Amino acid sequence: MAFGAAVLAAVSCGSSLLGLGLVGALAAAAAAILGIVVGLFAIDRREDPVQVQVVDEAPPAWALSVSLAQPDRVETKPALEFPELDDARKRLRFARAVAGKVPQLTEDAAFALIERFESMRGNTSKASVSARLFKAALTEGAGSGHPPVAIQAEQTRHVIKSQRESIALMAEHSRQSSKDLRSMGKELESGMDLLKSIEEITERSRLIAFNMAVEAARIGEKGRGFKVIVGELRKLNDMTADFSGQVAELLGRFRDYNASIVGRLAEETDRVSRDVAGGMEAAERAVESLIAASGTADSFAHEIAALAVVIDSDLDGVLESLQFQDITRQMIEGSNAMLDEASADIDASLTAIGRLEAARRNVILLESIRKTLLARSKTRGEKEAIMEVKE
Amino acid sequence: MKIFAVDDSATMRKIVSLALKGAGHEIIEAEHGKDALAKLAGTTADCIILDINMPEMNGLEFLAERKKSPSISKIPVIVLTTQDESGMKDQALALGANAFLGKPFQKEDLLASVKKLLG
Ligand SMILES: [Mg+2]
Chain A
737 MAFGAAVLAA VSCGSSLLGL GLVGALAAAA AAILGIVVGL FAIDRREDPV
787 QVQVVDEAPP AWALSVSLAQ PDRVETKPAL EFPELDDARK RLRFARAVAG
837 KVPQLTEDAA FALIERFESM RGNTSKASVS ARLFKAALTE GAGSGHPPVA
887 IQAEQTRHVI KSQRESIALM AEHSRQSSKD LRSMGKELES GMDLLKSIEE
937 ITERSRLIAF NMAVEAARIG EKGRGFKVIV GELRKLNDMT ADFSGQVAEL
987 LGRFRDYNAS IVGRLAEETD RVSRDVAGGM EAAERAVESL IAASGTADSF
1037 AHEIAALAVV IDSDLDGVLE SLQFQDITRQ MIEGSNAMLD EASADIDASL
1087 TAIGRLEAAR RNVILLESIR KTLLARSKTR GEKEAIMEVK E
Chain B
17 MKIFAVDDSA TMRKIVSLAL KGAGHEIIEA EHGKDALAKL AGTTADCIIL
67 DINMPEMNGL EFLAERKKSP SISKIPVIVL TTQDESGMKD QALALGANAF
117 LGKPFQKEDL LASVKKLLG
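If you're matching them up, the sequences are chains A and B in order.
Each residue of the first sequence is one higher than the one before, starting from 737 at the first, in the numbering used here.
Each residue of the second sequence is one higher than the one before, starting from 17 at the first, in the numbering used here.
This is the structure:
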């Protein structure tokens, strides 16, 4: 059972080290077989040759008996009927069959393991190359003919920064323009106020001209020359009123136009600032992502390199331990030689048992014949002659 | 460098081959002494990694043959075997082996031996 278990363990696990258990089992089997063989030879020769018994009692391998009354009837069990020997032979055959298969099985397992590690190592080195290329494209611009992405990103970052500054300056200018336009609007308002006082003055001079005309009519002929001056004054008043009306209209249009420009300028500046800032932020995010990707590629490449080192050292360990396959194989070859010897011993024992059996039968026959002859002999000389007869 | 891996165990040949290929060497495998002699007749070698216990022609017999042949007697030999008895080692060294490594060997030891012999 122990032997069978060891064989099963060695076969199912494919482990070379378990082969050592197998070797032990084979050696035990060989020793058991040798024990049986030795037992078969341990026949006590001091016993009465008429009753020969095997000393090893458990179980008695064979027995030989003969009766003096019927010396021709020698009873023996044929050696080939010994179940222990048959069993030993079967176990030998099984052990040799298994021992023949174990080295191939462990070798197959070793090759499969090596293949798996080699493929793992292949995959890591492929990943490592990809990571290196990725990193190189980012930091060195390898092979693309373009400057490295990381440098481009860094340059873009600078450009974005100066753009941001320009835009801030533009917004500042725009705000200043709005402010200037607003104060201009205020000046326009005060211009309108000024026009109002001109109108007032015109009204007053019109009133003075009217009073002067009344006074001129009263003084009659003497006021004639005075009348001419009043007429000129009226003309001037009309012209002034007309002119101030035109200016007021112009100023009013100008004021409305200014107010509209101020509003639109503020609105446009806000929109442009917002749009550009949004675009800048997106570009900035893209640039930051690129720079982060470069760092990720770097740590990824490092992780792969570390993994490759681990796999390589694991493979070295596997390669070292797999050498036991060869050692086990040699041990199995050695135990095969022991099994061959045990097998030869069994064959030799069977032959020896056969010869011993025949010899014992002859001795027993001789002794029974001698006893019969002695009983029948008459003289001392006859007895002596009978005693001298050898096998 | 071109290195012969002479061993009757396919696993051992594979292990030796992996260890040395990793260091950039070219490997030619042979299953026993006779196989190695036949292959050496058709090519050159810079070093031989030799097992002792092999069928057909064992490592000691191969070393004796190598000694007789001027074309291969100068190729350095590293003996790699489980038979680490001192007698076996002395015999191998007496027959002209240049270095001795026991199984299981460590990759670094094999590479160091090869490097030392190839200068
Ligand atoms: Mg061998």
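Cβ atoms here follow ideal geometry from the backbone N, Cα and C, with glycine treated the same way.
Just so you know, these numbers come straight off a predicted model, no measurement behind them.
Taking 6 Å as the cut-off, one finds at least one heavy atom of ligand 1 near enough to the beta carbon of B/M70.
Looking at the DSSP output, A/L931 shares a beta bridge with no other residue. Residues of the stretch 1056-1090 of chain A with a C-beta less than 8 Å from any C-beta of chain B: E1056, S1057, L1058, Q1059, F1060, Q1061, D1062, I1063, R1065 and Q1066, listed in chain order.
In the DSSP annotation of this structure, the continuous segment of the alpha helix (DSSP H) that includes B/K50 starts and ends at G49 to G58. The beta carbon of A/A952 is closer than 8 Å to those of G959, R960, F962, K963 and V966 in its chain, skipping five residues each way along the sequence. Taking the beta carbon of A/F847 as reference, the chain B residues within 9 Å of it are A26, T27 and K30, listed in sequence order. The beta carbon of A/D1050 sits no closer than 7 Å to any beta carbon of chain B. Contact with chain A is absent for B/T97, since none of that chain's Cβ atoms lies less than 7 Å from the residue's Cβ.
Taking the CA atoms as reference points, A/E1069 sits about 33 Å from B/L133. At least one heavy atom of ligand 1 falls within 6 Å of the beta-carbon of B/D67.
In the DSSP assignment, A/V1125 falls outside any alpha helix (DSSP H), carrying neither H nor E. DSSP places B/K18 in the uninterrupted beta strand (DSSP E) bounded by K18 to V22. Annotation: A/G988 to A/N973 spans about 22 Å, alpha carbon to alpha carbon. Distances from the CB of B/D24 to the heavy atoms of ligand 1 include at least one below 6 Å. For B/I94, the uninterrupted beta strand (DSSP E) run begins and ends at V93 to T97, by DSSP. Residue-level contact by beta carbon holds for A/E843 and chain B, with a gap shorter than 7 Å. Under the three-pair Cβ rule at 8 Å, the stretch 54-69 of chain B counts as touching the stretch 80-92 of chain B. Under a 10 Å Cβ-count criterion, B/K131 is classified as exposed, with fewer than 16 other Cβ atoms of the shown protein chains found around its own Cβ. Counting other Cβ atoms within 10 Å of its Cβ, A/T1108 stays below 16 and is therefore classed as exposed. The beta carbon of B/K119 sits closer than 7 Å to some beta carbon of chain A. Residue pairing of A/I965 in beta bridges, as defined by DSSP: absent, with no partner found. Around the beta carbon of A/A1095, a 10 Å sphere encloses fewer than 16 other beta carbons of the protein chains shown; the residue is thus reported as exposed. Within the same chain, P92, V93, I94 and L133 come within 7 Å of B/N114 by CB-CB distance, once the 5 residues on both sides are set aside. Judged by DSSP secondary structure, A/F870 falls outside any beta strand (DSSP E) and instead within the alpha helix (DSSP H) spanning P819 to T875. Not a single C-beta of chain A is nearer than 7 Å to the C-beta of B/Q107. Taking the CA atoms as reference points, A/E1103 sits about 46 Å from A/N1072. Contact check for B/D67 against B/T97 passes: the beta carbons are separated by less than 7 Å.
The shortest CA-to-CA distance from A/E901 to any of A/A824, A/I1100 and A/M1016 is the one to A/M1016. The C-alpha of B/K119 is placed about 11 Å away from the C-alpha of B/I31. Sequence-ordered contacts of the stretch 1024-1046 of chain A with chain B are nonexistent [C-beta pairs closer than 7 Å]. Closest in C-alpha terms to A/D992, from the list A/E925, A/T875 and A/L869, comes A/E925. Between B/K50 and chain A, the shortest Cβ-Cβ separation is not below 7 Å. Closer than 7 Å to the CB of B/K37 there is not a single CB belonging to chain A.
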